[in-house]
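Student: Sharing a structure below in C-alpha cells format, with a few things to ask.
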Amino acid sequence: MAKIIVFNGAPRKNGATASLIQAFTESAANSGNEVREAYIQGMNIQNYLGCDVCMKTHKGCVQKDEGMAKIYEDLTWCDTIVFASPVHFAYMTAQLRAVVDRMWAWFNLPGNFGAKRKTVLISTSRGGDYTAILQQYGMYAMLGWEDIGHILGAGKENEAKALGASIK
Ligand SMILES: Cc1cc2nc3c(=O)[nH]c(=O)nc-3n(C[C@H](O)[C@H](O)[C@H](O)COP(=O)(O)O)c2cc1C
Numbered sequence: 001m002a003k004i005i006v007f008n009g010a011p012r013k014n015g016a017t018a019s020l021i022q023a024f025t026e027s028a029a030n031s032g033n034e035v036r037e038a039y040i041q042g043m044n045i046q047n048y049l050g051c052d053v054c055m056k057t058h059k060g061c062v063q064k065d066e067g068m069a070k071i072y073e074d075l076t077w078c079d080t081i082v083f084a085s086p087v088h089f090a091y092m093t094a095q096l097r098a099v100v101d102r103m104w105a106w107f108n109l110p111g112n113f114g115a116k117r118k119t120v121l122i123s124t125s126r127g128g129d130y131t132a133i134l135q136q137y138g139m140y141a142m143l144g145w146e147d148i149g150h151i152l153g154a155g156k157e158n159e160a161k162a163l164g165a166s167i168k
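In terms of the working numbering, the sequence shown opens at residue 1 and continues consecutively.
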C-alpha cells in the first residue's frame, strides 16, 4: 500500500486536470492506497524567498505559512508524489512551481536529502505539447526520485484510472 500525495496545481477546481486527478485518486484509493490531495490554489503558500536560512540552520523554512506547513508534513508522510498541473505558457502553473521551490527547505532538514520517493506527472493542455513541462518535471531525477508514469492530455481518465490502480 502506497501513501500518495497529489500536489494539485490547477487553479480551476472542475477543469480538465481536476478530472484526471479525480480518476487517478479514486482508482488509487480503491486499490487500497492512502491518498491525500493538496489543492494548492486554496492554501496559504507564499513564494520561495531565496534567503538560504534553511541551508544554514537545517531547521526548515523561515516562512510559517500554514499551507506550506501542511505540504512539508505531506512530503514527510508520503512515498509517492503526483505533480498535477495544466500547461500554462508551456510550463507548470505558478501555484505548483511555488511548492516545488519551497521543497528546498524540506530537503535541508536532517535526513531528507536522498529520501526516496516515486513521482507521477498529470497534465493537460490545449495544444498537446508537453516538452517543457516534462523537462521541468525532470527535477525528479535530480532528486534521485523514481518516475513511475505520466498522464498527459485532457480526457485520458481511463489511463489515469489504470495508473492509479497500478500503484502499490
Ligand atoms: C494562462 C494560460 C496559459 C496557457 N498556456 C498554454 C500553453 O502554453 N500551451 C497549451 O497547449 N495550452 C495552454 N493553455 C491551455 C490549458 O493548458 C488547457 O486548457 C488545460 O487543459 C486547462 O486545464 P484546466 O481545465 O485544468 O484548467 C493555457 C491556459 C491558460 C489559462
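Ideal Cβ positions, reconstructed from N, Cα and C, are used throughout, including at glycine.
So the candidates are A2, V99, T17, G67; which of them puts its Cα closest to the Cα of V35?
Tutor: Among A2, V99, T17, G67, the Cα nearest to that of V35 belongs to A2.
Student: Which same chain residues, not among the five before or five after E103, have their C-beta less than 7 Å away from its C-beta?
Tutor: Note on identity: in this sequence residue 103 is Met, with Glu being the wrong assignment. So the list reads L75, once near-sequence residues are dropped.
Student: Is the beta carbon of A38 sitting closer than 8 Å to the one on K70?
Tutor: Yes, the pair counts as a contact, with Cβ atoms nearer than the cut-off.
Student: Considering only heavy atoms of ligand 1 and the C-beta of each residue, which residues fall inside 7 Å, strictly closer?
Tutor: Cβ atoms closer than 7 Å to ligand 1 belong to A10, P11, R12, G15, A16, T17, A18, P86, V87, H88, F89, A90, T124, S125, R126, G127, G128, D129, A154.
Student: Would you grab the beta carbon distance between T124 and L20 for me? Rounded to a whole angstrom, and I think it's under 8 Å.
Tutor: That pair is a contact at about 7 Å.
Student: Would you call the segment 109-120 and the segment 139-152 in contact, with 3 or more CB pairs under 8 Å?
Tutor: With a cut-off of 8 Å, the segment 139-152 and the segment 109-120 count as touching, because enough Cβ pairs lie within range.
Student: Between the alpha carbons of A10 and A94, how many angstroms are there, rounded?
Tutor: For A10 and A94, the distance between alpha carbons rounds to 9 Å.
Student: Using the Cβ count rule (16 or more neighbours within 10 Å means buried), how would you classify S27?
Tutor: By the 10 Å Cβ count, S27 comes out buried.
Student: Can you name the start and end residues of the alpha helix (DSSP H) that L20 belongs to?
Tutor: First-last of the alpha helix (DSSP H) with L20: 16-30.
Student: Measuring alpha carbon to alpha carbon, tell me which residue in V6, T17, T80 is nearest N146.
Tutor: The sequence given here places Glu at residue 146; Asn does not occur at that position. Here the closest residue by C-alpha is T80.
Student: According to DSSP, simplified to helix, strand and coil, what is V6?
Tutor: Strand, per DSSP.
Student: Which runs of the alpha helix (DSSP H) fall wholly inside the segment 53-93 and span at least 4 residues, in chain order?
Tutor: The segment 53-93 contains these whole alpha helix (DSSP H) runs: 53-57, 66-77.
Student: So what does D169 bridge to, in DSSP terms?
Tutor: As shown, the chain starts at 1 and ends at 168. That puts residue 169 outside it, with no answer to give.
Student: By a C-beta neighbour count over all protein chains shown, 10 Å radius and 16 as the cutoff for buried, is P86 buried or exposed?
Tutor: By the neighbour-count rule (16 or more Cβ atoms within 10 Å), P86 is buried.
Student: Which residues does DSSP list as the beta-bridge partners of Y39?
Tutor: The partner list for Y39 (beta bridge, DSSP) reads N8.
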